[in-house]
Amino acid sequence: MAGLPESGSIYAIVTLKSPQEVQGGVSPVFYVKTQQEQEHIAMWIARITGVAVHDLHDGTWLLIPV
Amino acid sequence: MSSQGPPIDWISIGLGIGFGVLVRLILLRKDYRHYPGYPAGTVGQVTVAFFAAVIGGAFFPALVAKEYQAATFLVLAATQFTGLRKVEVAKLESIEKLTLVQRGTSYIQGIAQEFEERNYLVMGVAVVTALASSIAKTEFGDFWPWVVGGGIGIIAIIVAYFVKSGPELGDVCTAELVPLTFKEGSLLYAGPVMLMEVGLPKARERYVKDGVGIVLTPTTPRGAGAIWDLGQRQAIVYNLYEIIGTKTDIGYGERIPICRMDLPEGTGKAGICLLPVANDPDRILEAVRRTPLLETAKAHSVYSPALIEWQHNHEGGK
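One line per chain: the protein sequences are A and B, in this order. Each residue of the first sequence is one higher than the last, beginning at 61 in our numbering. Each residue of the second sequence is one higher than the last, beginning at 31 in our numbering.
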């Protein structure tokens, strides 16, 4: 998609974990408190930017450009 | 033209051009791919075919009339058809940015090559027709060029019709519909083939509700090689997107159809996920089977475990 970073890079992180456990580096991190909030934020970012959401199954979701 | 040799054989040239343009009109049959679709595109193709037919039709009569310069120029003009392929590639590549599912470079090269090669078919038919007619005129007299030229022209058109396009995916693979399932929470499977990780619960619900899975099993070594080829797999999903449609748009990245191999086992089967706009099982399978087998992919041949199993089942069952 136009305007997105190269496929395979991490665009953003949405996590239930604490800032001590997950830190951003090059991509922004969204800290959330509930799974509902996680779904909400991940879906909005995905729909707005066109990235795909991937679940690491440890409370952290990665948003990756397709 | 100066004429030191025999007079120019207009009958042969005319027959060559006529049959050359006729073969292009027959090959222009609009199929489900609707390409070229618009009258302007059709006119363009027929015009280029006319040039090709003139080159082919005039070649031997020019040689017979000892017009060597003319014959040489005609050969030079034939090189121009390579330019057509480049134009076609540039055009298709430029519209890739604005399609939701890409054709991929392999498919683009295949389409462009076919456009170029059809002009050589036109030239071939025109050369053969004009040659036959020209020989008949010198050997038998004035009436025979029409009969012999016409007869050979019709045979050439029939031959051209059969060599015009290569095999389709259905010739080397079987395709079957399977349900889409999720394992380990978020891994999307088409039958036994894992395709991708889908993180959003809403997207997973959509795949389970509306999605269709397809499993490809190779039936020949060529088929087994072809579906390992990324360009071939992209061509399959592009064909599905073009003919069936897929419920996706910008912002729905996880809904783009993909085709992946059965890994980590590497059995040689391939799986496809699709959110069809028109959920008609027969049309979906037809779209997969009628995907052209790309030249870049059909050179490979592989004996994958799935192929060996298929051959065992079908030869043992006879």
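Glycine included, each C-beta is placed from N, C-alpha and C at the ideal position. In this text, all values refer to a predicted model and were calculated from it rather than measured experimentally.
Asked, Found
"Where Asp201 of chain B sits in the DSSP three-state scheme", "helix"
"Inter-stretch contact at 8 Å, needing at least 3 Cβ pairs: the segment 147–165 of chain B / the segment 39–47 of chain B", "yes"
"Identity of the residues DSSP links to Ala300 of chain B by a beta bridge", "B:Leu246 and B:Met291"
"Those residues which DSSP pairs with Trp121 of chain A across a bridge", "A:Val74 and A:Asp115"
"Straight-line Cα distance separating Ala233 of chain B from Ile124 of chain A", "15 Å"
"Exposure label - Lys239 of chain B; buried when at least 16 CB within 10 Å", "exposed"
"Endpoints, the alpha helix (DSSP H) within which Leu260 of chain B is located", "Leu260 to Ile273"
"Rounded Cβ spacing between Gly110 of chain A and Gly281 of chain B (contact assumed at less than 8 Å)", "5 Å"
"Candidates B:Ser124, B:Pro231 and B:Tyr137: closest to Glu97 of chain A by CA position", "B:Pro231"
"Cβ-Cβ distance between Gly113 of chain B and Gly86 of chain B below 8 Å", "no"
"Cβ neighbours of Pro287 of chain B in the same chain (closer than 7 Å, five flanking residues each side left out)", "Val131, Val267, Leu270, Tyr271, Thr276, Ile302, Cys303 and Leu304"
"Top-ranked residue by Cα proximity to Asp118 of chain A, from B:Pro175, B:Ser216, B:Asp39 and B:Thr109", "B:Ser216"
"Contacts around Thr247 of chain B, its chain only, beta-carbon distance under 6 Å, and the 5 residues preceding and following it disregarded", "Thr204, Lys299, Ala336 and Trp340"
"For Tyr62 of chain B, the three-state DSSP class (helix, strand or coil)", "Unreliable placement is indicated for Tyr62 of chain B, whose pLDDT of 47 sits below 50; no coordinate value is reported for it."
"Euclidean distance between Cα positions of Ser124 of chain B and Gly221 of chain B", "36 Å"
"DSSP-derived helix/strand/coil call for Pro306 of chain B", "strand"
"Rounded Cβ spacing between Arg252 of chain B and Val202 of chain B (contact assumed at less than 8 Å)", "5 Å"
"Straight-line Cα distance separating Leu151 of chain B from Ile187 of chain B", "9 Å"
"Residues that Val89 of chain A contacts on chain B, provided the C-beta gap is smaller than 9 Å", "Under the 9 Å cutoff, chain B gives no residues; its nearest Cβ is about 16 Å from Val89 of chain A."
"Leu315 of chain B versus His330 of chain B - alpha carbon distance", "24 Å"
"Alpha helix (DSSP H) segment containing Phe356 of chain B, residue limits", "Residue 356 of chain B falls outside the range modelled here, since chain B spans only 31 to 348, and no answer is possible."
"Proximity to Thr129 of chain B [Cα-Cα], best of B:Trp176, B:Gly283 and B:Lys194", "B:Gly283"
"Under 8 Å between C-beta atoms of Ile73 of chain A and Gly84 of chain A", "yes"
"Beta-carbon proximity of Ala82 of chain B to Arg115 of chain B, cut-off 8 Å", "no"
"Coil, strand or helix - Pro322 of chain B by DSSP", "strand"
"Straight-line Cα distance separating Phe170 of chain B from Asp39 of chain B", "14 Å"
"Neighbour flag for His117 of chain A against chain B, beta carbons, 8 Å", "yes"
"Ser216 of chain B: contacting residues in chain A (beta-carbon distance under 7 Å)", "Asp115"
"CA nearest to the CA of Val208 of chain B, picked from B:Val245, B:Pro37, B:Asp172 and B:Val119", "B:Val245"
"Spatial distance of Thr109 of chain B from Trp121 of chain A (CA atoms)", "55 Å"
"Local conformation of Glu227 of chain B per DSSP, three classes", "strand"
"Test: Pro287 of chain B CB closer than 8 Å to a CB of chain A", "no"
"Cα-Cα separation, Val189 of chain B to Ile70 of chain A", "55 Å"
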